[in-house]
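K.L.:
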Amino acid sequence: MIEIEKMGKPAVPIVSGRFEEDAIASARTFAMPDLQFVIVPRIYRNLAHDECIRQTEEVIDDLVHVLTNRDDHKRLSTIETADRHRFEGVDRYDAVLRMNEDFIMRDWGDGFPLCPATREAVDELMQGTSLAPDHLVCDMPPGFGLATVEKIAINAAMAGAKPAHMPVIIAAVKALSQLGSHGGKSLLMSTSCHAPILVVNGPIAQELGLNPGSGLGPGRDNRINITIGRAFSLCLRNLGYWYPGQMDMDTIGTTRKFVHCLAENEAMSPWEPYHVDKGFKRDESAISIFVTDGELDVQDQGNTTAEGLLKTLAYGCTFGTRSLGERHAAERLIFMPPDVARPVGAQGFSKRGAQEFIHLHANASLGKMIQYMPLEGEARVAANWKWLEKLSEQERLEMTVPVLESAERYDIVVIGADRAKTLVMPSGPSSVTVGIDAYR
Numbered sequence: 001m002i003e004i005e006k007m008g009k010p011a012v013p014i015v016s017g018r019f020e021e022d023a024i025a026s027a028r029t030f031a032m033p034d035l036q037f038v039i040v041p042r043i044y045r046n047l048a049h050d051e052c053i054r055q056t057e058e059v060i061d062d063l064v065h066v067l068t069n070r071d072d073h074k075r076l077s078t079i080e081t082a083d084r085h086r087f088e089g090v091d092r093y094d095a096v097l098r099m100n101e102d103f104i105m106r107d108w109g110d111g112f113p114l115c116p117a118t119r120e121a122v123d124e125l126m127q128g129t130s131l132a133p134d135h136l137v138c139d140m141p142p143g144f145g146l147a148t149v150e151k152i153a154i155n156a157a158m159a160g161a162k163p164a165h166m167p168v169i170i171a172a173v174k175a176l177s178q179l180g181s182h183g184g185k186s187l188l189m190s191t192s193c194h195a196p197i198l199v200v201n202g203p204i205a206q207e208l209g210l211n212p213g214s215g216l217g218p219g220r221d222n223r224i225n226i227t228i229g230r231a232f233s234l235c236l237r238n239l240g241y242w243y244p245g246q247m248d249m250d251t252i253g254t255t256r257k258f259v260h261c262l263a264e265n266e267a268m269s270p271w272e273p274y275h276v277d278k279g280f281k282r283d284e285s286a287i288s289i290f291v292t293d294g295e296l297d298v299q300d301q302g303n304t305t306a307e308g309l310l311k312t313l314a315y316g317c318t319f320g321t322r323s324l325g326e327r328h329a330a331e332r333l334i335f336m337p338p339d340v341a342r343p344v345g346a347q348g349f350s351k352r353g354a355q356e357f358i359h360l361h362a363n364a365s366l367g368k369m370i371q372y373m374p375l376e377g378e379a380r381v382a383a384n385w386k387w388l389e390k391l392s393e394q395e396r397l398e399m400t401v402p403v404l405e406s407a408e409r410y411d412i413v414v415i416g417a418d419r420a421k422t423l424v425m426p427s428g429p430s431s432v433t434v435g436i437d438a439y440r
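This is the structure:
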């Protein structure tokens, strides 16, 4: 759309009904505040051809009108930029309730009660970092708002964070901006259930009390995990403009969008911590961000050999396999509990060896992998896979291929308590790991 306009050719997008607010928000964010569009009721992707034609024909007159009346428009609404909001009530509690109601209606929260981001609370949080309040950490995806230290502190205050948490939260925000192309913007704005997850390594994890065991659940033991993850997710909403229906267009949604943060269980791992794999020293603190797309509890009910445990895990890694075209970019994030990692390590497997074994045994039916996007019809298959069109469906189903392109695409992090139950999550693009110590 932008490129067509740059060529000097007027262009008008056709927007499916549910995407109207997203179109407005995206146009405003990506420097096209005067964008005009027409609306059709249904999304084209899985719509029958006759329905595609019918709903397009019904808006032809609107398309012509917008294209021939380029000056007959009004600028899209702007984002509110008020510096402060004041709430009063019969007492402080009532004022906080009024604030929460107002913020939730503006979609600035996550549905749970927010703590007031008072001037005093924000100033206290900024004592947790040596960076200046106006220091620009990054442009935060997907909407690329300016994530200054003060703005990060405001959102952290609403999550109930403490000053000691600030370096981790700042590093997480920075890590997101370095993900893939444009900070993983296309995944965050997708209709699929992509969501970030945060993993902390190094001394700061123990200093703060992050839970490396059953750290993805609720409760007292996970208070720090929850608070840091929530602070990050509020930054993602209010600085990255990742609002449902506006730049977050999930078809169904996922609880993983209540962003999780946890620590690797370094004390019970037979291998070097994940951040060491990424070039950091063991005594340095770092945070890694992954973009996940689902999760599967891979249970092993009796294997004691490394090969047996890894074969079960490899089978679980076939979960989430979608298409041949995505093999070069797709990954698997593996949260491997100590009851799997330790016997695997004790029986001679390095982490690299475990990755290679999983890659060797994680295979899926090629025929099923291409059902995600049919061969017939439009030219949707890469040239090097076009030969598949000549095979029968049964021949395609009987042929197997590795679900990922290489062993490096399996990220192993030792997390969890006892029992051989591994969590596997389809993920991608490649994770990003950022040092935390620079933000203290």
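Heads up: the sequence shown is residues 1 to 440, going by full-length UniProt numbering.
Don't be surprised by glycine CBs; every beta carbon is placed ideally from N, CA and C.
Predicted model only: the values in this text are computed from it and were never measured.
(1) Could you tell me whether the Cβ atoms of P167 and R440 are closer together than 7 Å?
(2) Which residue comes first and which comes last in the beta strand (DSSP E) that contains Y274?
(3) Taking the continuous alpha helix (DSSP H) assigned at R342, which residues delimit it?
(4) Looking at the C-beta of A314, does it have a partner C-beta in chain C at a distance below 7 Å?
(5) Using 7 Å as the threshold, is the C-beta distance between V434 and K174 below it?
(6) Report the rounded CA-to-CA distance for N201 versus W108, giving the unit in angstroms.
(7) Rounded C-beta distance between E331 and G428? I'm assuming under 8 Å.
(8) Candidates G245, Q246, N265 and P218: which alpha carbon is nearest residue 443's?
(9) Would you report the Cα separation of S130 and L146, rounded to the nearest angstrom?
(10) Please say whether C317 and A354 have beta carbons closer to each other than 7 Å?
(11) Please say whether D418 and D339 have beta carbons closer to each other than 7 Å?
(12) Per the DSSP calculation, L333 is bridged to which residue(s)?
(13) Using alpha carbons as the reference points, say which of K151, G111, M105 and A157 lies closest to E124.
(14) For D437, which of A231, E398, G215 and H165 has the nearest alpha-carbon?
(15) Select from L236, F335 and A329 the residue whose C-alpha is nearest the C-alpha of L262.
(16) Starting from the N-terminal side, write out each stretch of the beta strand (DSSP E) that is 3 residues or longer and does not extend beyond the region 280–305.
(17) Just verifying my parser: in three-state terms, what is the DSSP assignment at I436?
(18) Could you pull out every residue in the same chain whose Cβ sits closer than 8 Å to the Cβ of E408, ignoring the five residues on either side in sequence?
(19) What does a CB cutoff of less than 8 Å around E398 pick up in its chain, not counting 5 residues either side in sequence?
P.N.:
Straight from the coordinates:
(1) yes
(2) Segment Y274 to D277 is the alpha helix (DSSP H) holding Y274; no beta strand (DSSP E) there.
(3) P338 to A346
(4) Among the chains of the structure shown, chain C does not appear; only one protein chain is present.
(5) yes
(6) 30 Å
(7) 5 Å
(8) Absent from the model: residue 443. The displayed extent of the chain is 1 to 440, so no value can be given.
(9) 19 Å
(10) With respect to C317, A354 sits apart: the two C-beta atoms are not nearer than 7 Å.
(11) yes
(12) D411 and M425
(13) A157
(14) H165
(15) F335
(16) 286–292 and 296–299
(17) Three-state result, I436: coil.
(18) Q355
(19) S365 and G367
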